[in-house]
Amino acid sequence: MYRTARLAAFAALLLSVPISAVAIAASAAVPFIDDDYPKALAEARARNLPIFLEAWAPWCHSCRSMQAYVYTDAKLAPFAERFVWLAIDTEKPGNAATVAKFPVGAWPSMYVIDPRTETVTFRWTGSATIEQLVRFLEEARAPAAGKSLAPDAAAPGAAEAASLQGGLEEADRLYGAAAWDKAATAYAAVIGRAPTPWTPLPRVADAYLFSLQKADRGAECAGAARELLPRIAGTPSSASVAAVGLDCAVGLAATAPGRSAAIADLERAARAALDDPALGIADDDRSGLYISLIGAREDAKDEIGKKRLSGEWIALLERAAAQAPTPAARAVFDSHRLSAYLEIGEPQRAIAMLEASERDFPGDYNPPARLAVAYRAMKEFPRALAASDRALARAYGPRRLGILRTRAKIEDESGDRIAARATLDSTLAEARALPPGQVSERTLAAIRKELEALASAAPAPAP
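Residue numbers are given in the working numbering: position 8 of the sequence shown equals residue 969, and the series is strictly consecutive.
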C-alpha cells in the first residue's frame, strides 16, 4: 500500500524506521546489489535480464516492512536468476543520478527496467504482499522472456485483446516515467475496455488511483475507487484503493458534489478491508488504513469515533510489535506507534520503545530523531535537543533537513529564537547544497516560509 496524504503527513513529521542495506542483502531471498546502478546495468546487459530496482529510504517504514517480511520470503527464490536485483537508498548523494533517472513518487517504489533502453516497463508503488509481488514479477517478466500476454492471433477476440494489451503497455510506460496525469488518462481508457474478470485489474487499479492522486484529480480518484472496488473485491489491492479513495474524498472541498456520500462509501470499504484477514495485508498496511479512517472521523469532527479508532490502532501496533520475531521487525512499527501516541496526547508512551531501538540500532538516526519529536511534545526541551544532536551526528542526505527543521521548532518553543533562526539558516544552506533530485522547490519554499515566520515573530531589536 502506498502512502495516503494523511500518512505522508505523519511520515514527514516523524521520520521512520532505519534499515541496513547490508542486512537486506544478507537476509533476502534474492541477491540484491546495493547502491550501484552502473554495476546492475552492466550485469543485466551481459546476462540479457531485466533489472528489478527497489527505491527505498532509511526513514520509510513500509520499505522496512517489505525488507523484514516480503523480500525474505522463499517464494521469491524462483525469481532470483530471472532479474538483476538492485536496491537504491534514495537518500545517498551517490544515488542522486539514479533517482533523477527513475523518479520516485512514493516509497517504496519498485521498477522493472529494460537494460537496453534504460526505460521503466513496469512500476509498483508502495508496499506489496508476497503474493502481489510474485504476480507483479510474473507479469513483468513475460515480455522480457519473449512471451505474449495476449491470446493467439487466431483465437476469438484476439484483436481486441491485443489492442487492450497495447493500451496497458502504454499506460504502464507513462506510469513508469512518472507522467501521472497522462498515465491516469491511459489507465482509465484501459479499465473502461477491460473484461470482467481481468487478471491485471488489481495491479492496474492501484496504479490508476495513485496516478489520479499524484495528478491532483481528487474527485476522479474518489469516484474511480468506488467504481473499482466491486471489481477487485477480495484482493489486497482493495485495501489500498479504499484507503486512497477515502483520502481523495476527504481532501475534496466541503462543498464538492457527492463528497459526503463518497466518504461514507469509502469509509465502509476501508473498514471492511481492515477487518478482512483473508486479504493477507501486512500489519503495517492495516495501520495505514487506520490512519485514513481516523482522518475521515477527524474531518467529520467525530471525537468519539476518532478516539475509538485510535485505541484500536494502538492495540494493533502494540500487538504486532510484541509478536515481531526480531528487533528489526519490531522497529517497523516505531514510527506509527509514535504517531498513535501523539494522536491521543500521550507521547511519553513512546520513550521506552524508542530507547530500546536506539540501543538495538546504535548507528541509526531514526530512534533519536523520533525521541526528539516525543520529547518536544512532552516539552522536555533539553532532552529533545540532546536526542536531536545524536540524530544529526548519524543522519545524511535529505533526511537531515527534517531533523533540523524539528530542531528549530524545539529551539523556538524553548525560547531560543536566535538559535532557531541559525538552525533554519543552516537547513536552507544544506538543502541548496543537495544534488539535483534530492530536494524539491516545495521543500525549499517551506524552509524559507519557516524562516520568514520566525523573523516576523521576533521581538523588535533594542534601540
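Note that CB positions come from ideal geometry on N, CA and C, so glycine has one too. Computed from a prediction, not measured in an experiment: that's the story for all the values here.
- In this structure, Ala1029 sits near Ala1289, with a CB-CB distance shorter than 8 Å.
- With distances taken between CA atoms, Leu1190 lies nearest to Val1205 out of Ser1088, Ser1124, Val1205, Pro1329.
- In the same chain as Glu1042, and ignoring 5 residues on each side of it, no C-beta atom comes closer than 6 Å to its own.
- A residue is called buried when at least 16 other Cβ atoms come within 10 angstroms of its Cβ; Thr1388 meets this threshold and is buried.
- Between the region 1216-1236 and the region 1245-1255 there are three or more inter-stretch CB-CB distances shorter than 8 Å, so the stretches are counted as touching.
- When rounded, the separation of the alpha-carbon atoms in Ala1285 and Arg1291 is 5 Å.
- Membership of Ile1049 in the beta strand (DSSP E) is indicated by the continuous run 1045-1050.
- Per DSSP, Arg1077 lies in no beta strand (DSSP E) and is assigned neither H nor E.
- DSSP, reduced to helix, strand and coil, places Glu1273 within a helical segment of the structure shown.
- Runs of the alpha helix (DSSP H) lying entirely within the region 1359-1421 and spanning at least 4 residues, in chain order: 1360-1374, 1378-1394, 1402-1418.
- Taking every protein chain shown into account, the CB of Asn1009 has fewer than 16 other CB atoms within 10 angstroms, so this residue is exposed.
- For the 8 Å CB-CB criterion, Ile1193 and Val1211 do not form a contact.
- Rounded to the nearest whole angstrom, the C-alpha separation of Ala1147 and Ala1057 is 29 Å.
- Looking at the DSSP output, Asp995 bridges to Ala1048.
- For Asp1386, the closest C-alpha among the options Ala1369, Val1400, Phe1044 is that of Ala1369.
- Exclusion of the five residues before and after Thr1196 leaves Pro1163 as the residues of its chain whose Cβ lies within less than 6 Å of its Cβ.
- The C-alpha of Leu1173 is placed about 29 Å away from the C-alpha of Lys1053.
- For Trp1017, the enclosing beta strand (DSSP E) begins and ends at 1012-1017.
- Counted as a single uninterrupted DSSP element, the alpha helix (DSSP H) harbouring Glu1304 occupies residues 1295-1304.
- Each residue's CA atom was taken as its position, placing Ser1070 and Ala1354 some 28 Å apart.
- Annotation: the continuous alpha helix (DSSP H) that includes Asp1167 extends over 1162-1175.
- Nearest in C-alpha terms to Glu1273, of all of Pro1396, Glu1304, Val1334, Ser1417, is Glu1304.
- By the C-beta density criterion, Ser1199 is buried, having at least 16 other C-beta atoms within 10 angstroms.
- Ser1300 has its alpha-carbon roughly 27 Å from the corresponding atom of Ser1221.
- Taking the CA atoms as reference points, Pro1019 sits about 18 Å from Pro1396.
- The region 1260-1273 and the region 995-1008 do not touch, with fewer than three beta-carbon pairs separated by less than 8 Å.
- Within the same chain, and ignoring the five residues on either side of Val1095 in sequence, the residues whose Cβ sits closer than 7 Å to its Cβ are Lys1036.
- Counting only residues of its own chain and dropping the five nearest sequence neighbours on each side, Arg1178 has a CB closer than 8 Å to the CB of Asp1142, Ala1145.
- When C-alpha distances from Ser1026 are compared across Leu1235, Ser1088, Thr1216, the shortest belongs to Ser1088.
- Judged by DSSP in its simplified three-state form, Arg1178 adopts coil rather than helix or strand.
- Per DSSP, Thr1146 is one residue of the alpha helix (DSSP H) stretching across 1141-1154.
- Under the DSSP assignment, Glu1307 falls outside any alpha helix (DSSP H); it carries neither an H nor an E label.
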